[in-house]
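Protein chains in written order, with our numbering: chain A, 39 to 264; chain B, 4 to 116. Some notes on the structure that comes next.
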């Protein structure tokens with residue numbers, strides 16, 4: 039199966055220098071880095087290793103960058119997309135775990151989760167969103183995911199372009215399309231550079247909570263298959 | 004006196020709109036909307052009885068209330084459609100940006116086989 043690994047990156051030259059060689063050794067899939075208008079030489083690092091680098095002329099944020107990779111996969115007729123964070127949080131050797139579960143189950147989407155990384159506050163937030171939406175998934179924000187062809191189609195759509203984060207909105211869209219989502223526990227590394235993008239400051243958290251809550255409430259009553 | 008003020012505002016608004024269209028700074032649906040607003044202002048300043056009559060029809064005893072409620076509602080509707088248009092624009096910009104990055108990469112691949 040033609041598989042593409044998509045790595046969205048904003049100013050991740052340092053982390054990618056470490057991650058990409060490991061990833062190239064660990065897997066035989068094609069790799070594409072989506073450079074979200076970085077200004078630190080991310081593109082040079084990627085092309086220096088002989089990998090594809092899609093450079094966005096305007097900054098679109100993590101989901102906008104990820105979707106670029108997914109649209110690229112659709113255009114190039116890939117069967118599977120695996121998304122990974124550029125900061126080294128997701129381990130290259132864990133990719134096979136996603137793949138194994140995909141092969142052994144009927145799932146359209148496989149999410150690599152690491153539940154113990156969740157702080158109490160995050161768990162509270164997740165439970166709140168799960169209450170609002172009936173999503174039965176442990177880790178809502180994990181960016182370590184595998185999407186099959188049907189999911190790629192859904193996520194390439196114009197509708198998916200208006201999402202801001204790769205989390206609840208994406209899951210709701212996938213569930214609404216009747217796709218099945220499975221989870222597999224994986225090992226994750228602590229972020230090399232420390233901080234979570236989503237949970238970086240209180241103001242950002244507030245903005246995220248309000249936007250996501252609005253999204254959840256707006257989706258109440260939509261069909262949500264398990 | 005109030006009527007004359009509103010007439011002047013309406014007239015100035017129409018002239019401004021026509022000027023903006025002429026200079027290419029406003030187009031199509033936007034210009035139509037604002038011209039309509041200007042025309043309404045002019046008509047109401049010449050025939051203020053319209054408001055009294057309309058208020059009586061819907062059972063409002065103090066006619067200016069009708070005018071104010073109507074104008075505020077229309078402003079809200081307009082703002083809502085503006086944000087919808089902005090969302091539409093944002094979507095187009097995002098997809099265009101993505102497409103550009105994808106096309107740029109495939110172009111590069113074609114140039115250096």
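We put the beta carbon where it would ideally sit given N, CA and C, even for glycine. A quick note: this is a predicted structure, and the numbers were derived from the prediction, not measured.
How many Å lie between residue i and residue j at the Cα?
i	j	result
residue 103/B	residue 40/A	23 Å
residue 232/A	residue 194/A	Its pLDDT being 49, under 50, residue 232/A is placed unreliably by the model, and the measurement read from it follows with that caveat. So the alpha carbons of these two residues sit roughly 31 Å apart.
residue 76/B	residue 69/A	53 Å
residue 241/A	residue 23/B	40 Å
residue 101/A	residue 111/A	15 Å
residue 264/A	residue 213/A	Bear in mind that a pLDDT of 40 at residue 264/A, under 50, signals an unreliable position, so the model cannot answer this.
residue 135/A	residue 227/A	15 Å
residue 79/B	residue 164/A	34 Å
residue 80/A	residue 90/A	12 Å
residue 199/A	residue 89/B	14 Å
residue 204/A	residue 181/A	7 Å
residue 246/A	residue 201/A	12 Å
Grouping DSSP H, G and I as helix and E and B as strand, with all else coil, what is residue i?
i	result
residue 150/A	strand
residue 26/B	coil
residue 89/A	coil
residue 111/A	helix
residue 178/A	coil
residue 215/A	coil
residue 124/A	coil
residue 226/A	strand
residue 263/A	The predicted position of residue 263/A is uncertain, since its pLDDT is 44 and thus under 50; no value can be drawn from it.
residue 184/A	strand
Give a yes or no on whether 9 Å exceeds the smallest Cβ distance from residue i to chain B.
i	result
residue 55/A	no
residue 76/A	no
residue 102/A	yes
residue 67/A	no
residue 232/A	Caution is warranted here: a pLDDT of 49 is assigned to residue 232/A, below 50, making its placement in the model unreliable, and no coordinate value can be reported.
residue 110/A	yes
residue 106/A	yes
residue 217/A	no
residue 249/A	no
residue 98/A	yes
Which residue marks the beginning of the beta strand (DSSP E) containing residue i, and which one marks its end?
i	result
residue 65/B	It is not in any beta strand (DSSP E) - residue 65/B carries neither H nor E in the DSSP assignment.
In chain order, what residues of the same chain have a beta carbon less than 6 Å from the beta carbon of residue i, not counting five sequence neighbours either side?
i	result
residue 108/A	119, 190, 193, 194
residue 209/A	173
residue 76/A	48, 49
residue 130/A	60, 61, 64
In the DSSP assignment, find the alpha helix (DSSP H) that holds residue i and state where it starts and stops.
i	result
residue 190/A	187-194
residue 46/B	31-49
residue 138/A	133-142
residue 255/A	240-256
residue 69/A	Looking at the DSSP string, residue 69/A is not in any alpha helix (DSSP H); the run it does join, the beta strand (DSSP E), is 68-73.
residue 64/A	51-64
residue 42/A	Careful: residue 42/A lies outside any alpha helix (DSSP H), inside the beta strand (DSSP E) at 41-47.
Leaving aside the five residues before and after residue i along the sequence, list all residues of the same chain whose C-beta is less than 7 Å from its C-beta, in chain order.
i	result
residue 103/A	46, 72, 74, 94
residue 230/A	Note that residue 230/A scores a pLDDT of 48, beneath 50, so its modelled location is shaky; the value from the coordinates is reported in the next line. Hits under 7 Å: 53, 125, 126.
Any C-beta of chain A sitting closer than 9 Å to the C-beta of residue i?
i	result
residue 7/B	no
residue 110/B	no
residue 84/B	no
residue 92/B	no
residue 60/B	no
residue 98/B	yes
residue 102/B	yes
Considering only residues of the same chain and omitting the five flanking positions on each side of residue i, which have a CB-CB separation below 8 Å?
i	result
residue 59/A	87
residue 42/B	13, 17
residue 34/B	20, 23, 24
residue 206/A	167, 171, 173, 178, 250, 253, 254
For chain E, is any of its Cβ atoms less than 9 Å away from the one on residue i?
i	result
residue 94/A	The structure shown contains no chain E; its protein chains are A and B.
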